[in-house]
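Colleague: Counting from 99, one number per residue, gives the positions in the sequence shown under this note's numbering. Note that beta-carbon positions come from the ideal geometry of N, C-alpha and C, so glycine has one too. Have a look at this one before I ask anything.
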Amino acid sequence: MFRRLRIIVYNKTRKLCGHQYYIDVSHDSTILEVKQLIEEATTVPHQIQWIVFGVRALNNTERLSDYGIRDGYTLYSVPTFVEDPSIPNL
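Here is the structure:
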């Protein structure tokens, strides 16, 4: 079963801040696989992405189904650091 997820990118210094992307994933996709798809869409490296669903940060090795994430749900991609030295790291 495939799902379409909405991804909202939160990044204070890139032009991607607040942009929405849609990705198609399998119900058994891992969070790491989701991060890699987000990287393809946004160029934000998957190594620095923090994926949030509701108020919970998601673990790379867990699957979407482990979190009960369904078709049409929204995930947030937040970088673990920013590139602008004048803005403190997250």
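(1) Spatial neighbours of A155 within its chain, please: CB distance less than 8 Å, with the 5 preceding and 5 following residues excluded, ordered by chain position.
(2) Counting pairs of Cβ atoms below 8 Å between the stretch 165-172 and the stretch 134-141, do you hit three or more?
(3) I'd like to know if I105 contacts chain D, where contact means its C-beta is closer than 9 Å to some C-beta of that chain.
(4) Which term fits P177, buried or exposed, when burial requires 16 or more other beta carbons within 10 angstroms of its beta carbon?
(5) Exposed or buried, S127, counting other C-beta atoms within 10 Å across all chains shown (16 or more means buried)?
(6) Using the Cβ count rule (16 or more neighbours within 10 Å means buried), how would you classify S124?
(7) Bridge partners of L173, per DSSP?
Modeller: By the coordinates alone:
(1) Excluding positions up to five away in sequence, the list reads W148, I149.
(2) In short, these stretches do not touch, since the Cβ pair count stays below three.
(3) The chain labelled as chain D is not found in the depicted structure, where only one protein chain is given.
(4) Buried.
(5) Sixteen is the threshold: when 16 or more other Cβ atoms of the shown chains lie within 10 Å of the Cβ of S127, as they do, the residue is buried.
(6) Per the 10 Å Cβ criterion, exposed.
(7) L173 pairs with I105.
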